């Protein structure tokens, strides 16, 4: 409590209880600028929360904006903090897999760790999706029943993940490779043949006990030592980083994000974020080209796309965020038909591109009507119509359920996003693009709130 009291005194805040939301958010920003760690900031806010509860005061520490600020500090890892983890490349992976026969105590354990290492790499997996922790928590762990093996591919259902906040699930498709020494499909098939028929976590020992995070990390450390690599910079997350690095070297994907001033302002916000204008997806070999036009409308897109195609080949993915400046001008049915025609026209020029409809976000002010309720209904119907059209034709749909038409998320003009709104918009874009890239060729909605 002392640090909060001193903060109020030094910065001219009144001694008001319960603590106003502005005081809390300013206190969090103050601690971040003082370079306090996420755990320290979280601890101080938890202390204030406890004080509120024991004194039967309103607890603003649980407000959405407070949670997002603390989450943001965690994502940033503190000012100027660098990621020192090193990537496990495909060459290192092959050496690791070969070393397991020497390290593991029997053939079953060898196949178990070969399959877990291989899937961690080729599936961009987080360690929590491969293993359970010391308390046997398996919230995101891949289950045996979530695996489907075909002749040429491996399908893995992730029922939930760190970026899938609504637990809608997604299927990762991993293709067969020519090099049998690292082929994830062949390695998984070899493991499944000897795995006992227990339901639950995919990776388990012969007695059915699940593979733990500690065991996974310990074997990785020993394997690195055997192949003569210092393991200081290598962690369990190095598999995911390594596959992303491999994709980057191979030139994995180009993304165009095209639309109205919402895109222009989001680009400006992205420039100041740790992940930059590529939203941190450069690790997956992603290069993003932003094109936002102030006052942009659906009919402006043809010329915009034509111009972009003069300078670059068609992208892997095209995200279109448009329509907010058109709603109310045309009859809803005709407006939806106009958008569908634009997508059909673009498909003729970009046959191999995955098209993504970025949801028209809520507003408190619209160009062609003062009837907010009517415009909101129209917005929802247009989004539903275009999403249905695209997802039935191998396209994808991005939605922003956390963005509401109020002062937290919208500027005073009732149209453009605040810094908080822009960051939520960018976080959703980042998570959605990552999922689309990991599942190219599969139509999906992100996040799926149903």
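Numbering (my numbering), first residue to last: 6 to 455. Here a beta-carbon is modelled for each residue, glycine too, at the ideal position from N, C-alpha and C. Small disclaimer: the values here were computed from a predicted structure and weren't measured.
If you follow the alpha helix (DSSP H) that residue i is in, where does it begin and where does it stop?
i: residue 448; result: Unbroken run through residue 448: none, as it is neither H nor E.
i: residue 348; result: 337-354
i: residue 221; result: 218-231
i: residue 45; result: 43-59
i: residue 15; result: 7-16
i: residue 124; result: 112-127
i: residue 33; result: 26-38
i: residue 5; result: Residue coverage of the chain in this structure runs from 6 to 455, which leaves residue 5 outside it and unanswerable.
i: residue 135; result: 132-135
What residues in its chain sit with their C-beta under 7 Å from that of residue i, if we drop five residues either side in the sequence?
i: residue 188; result: 181 and 182
i: residue 21; result: none
i: residue 390; result: 341
i: residue 320; result: 259, 260, 261 and 358
i: residue 248; result: 126, 127 and 129
i: residue 328; result: 303, 344, 365 and 387
i: residue 213; result: 201 and 203
i: residue 443; result: 129 and 177
i: residue 170; result: Note that residue 170 scores 48 on pLDDT, short of 50, meaning its location in the model is unreliable and no value can be drawn from it.
Could you tell me the boundaries of the beta strand (DSSP E) in which residue i lies?
i: residue 160; result: 158-163
i: residue 296; result: 291-297
i: residue 264; result: 258-264
i: residue 360; result: 359-363
i: residue 326; result: 322-326
i: residue 153; result: 152-154
Can you list, in chain order, the residues of its chain whose CB lies under 6 Å from that of residue i, leaving out five sequence neighbours each side?
i: residue 160; result: 153, 176 and 178
i: residue 191; result: 185
i: residue 232; result: 100 and 104
i: residue 84; result: Unreliable positioning characterises residue 84 in this predicted model, as indicated by a pLDDT of 43, which lies under 50. A coordinate reading is not provided.
i: residue 455; result: Note that residue 455 scores 47 on pLDDT, short of 50, meaning its location in the model is unreliable and no value can be drawn from it.
i: residue 10; result: none
i: residue 278; result: none
i: residue 399; result: 448
Return the chain-ordered list of same chain residues with a C-beta closer than 8 Å to the C-beta of residue i, the five sequence neighbours on each side being excluded.
i: residue 7; result: none
i: residue 106; result: 115
i: residue 354; result: 310, 314 and 319
i: residue 195; result: 116, 119 and 120
i: residue 395; result: 348, 360, 361, 362, 401, 402 and 448
i: residue 75; result: 33, 43, 46, 47 and 50
i: residue 334; result: 340, 372 and 373
When you compare each of the options to residue i by their alpha carbons, which one comes out closest?
i: residue 146; options: 107, 268 and 217; result: 217
i: residue 450; options: 155, 223, 427 and 362; result: 362
i: residue 317; options: 203, 283, 239 and 260; result: 260
i: residue 150; options: 200, 184 and 185; result: 200
i: residue 364; options: 267, 287 and 60; result: 267
i: residue 331; options: 185, 427, 96 and 374; result: 374
i: residue 351; options: 371, 323, 328 and 376; result: 323
i: residue 280; options: 381, 385, 343 and 428; result: 428
i: residue 423; options: 278, 393, 274 and 25; result: 274
i: residue 197; options: 124, 224 and 293; result: 124
i: residue 109; options: 442, 210, 75 and 292; result: 210
i: residue 94; options: 289, 64 and 207; result: 289
i: residue 296; options: 286, 45, 287 and 312; result: 312
i: residue 230; options: 11, 408, 418 and 102; result: 102
Contact defined as beta carbons within less than 8 Å: I believe residue i pairs with residue j. What is the distance between those atoms, to the nearest angstrom?
i: residue 282; j: residue 272; result: 6 Å
i: residue 438; j: residue 425; result: With 8 Å as the limit, residue 438 and residue 425 do not qualify as a contact, their Cβ atoms being about 21 Å apart.
i: residue 205; j: residue 148; result: 6 Å
Measuring from the CB of residue i, is there a heavy atom of the ligand MG at a distance below 7 Å?
i: residue 54; result: Summarising the ligand content, the structure contains no ligands, and the ligand MG is consequently not present.
Taking only runs of the beta strand (DSSP E) that begin and end inside the region 173-198, which ones reach a length of at least 3 residues, in chain order?
Listed in chain order, they are 175-180.
Return the chain-ordered ranges of every alpha helix (DSSP H) run that is complete within the region 377-416 and spans a minimum of 4 residues.
377-396
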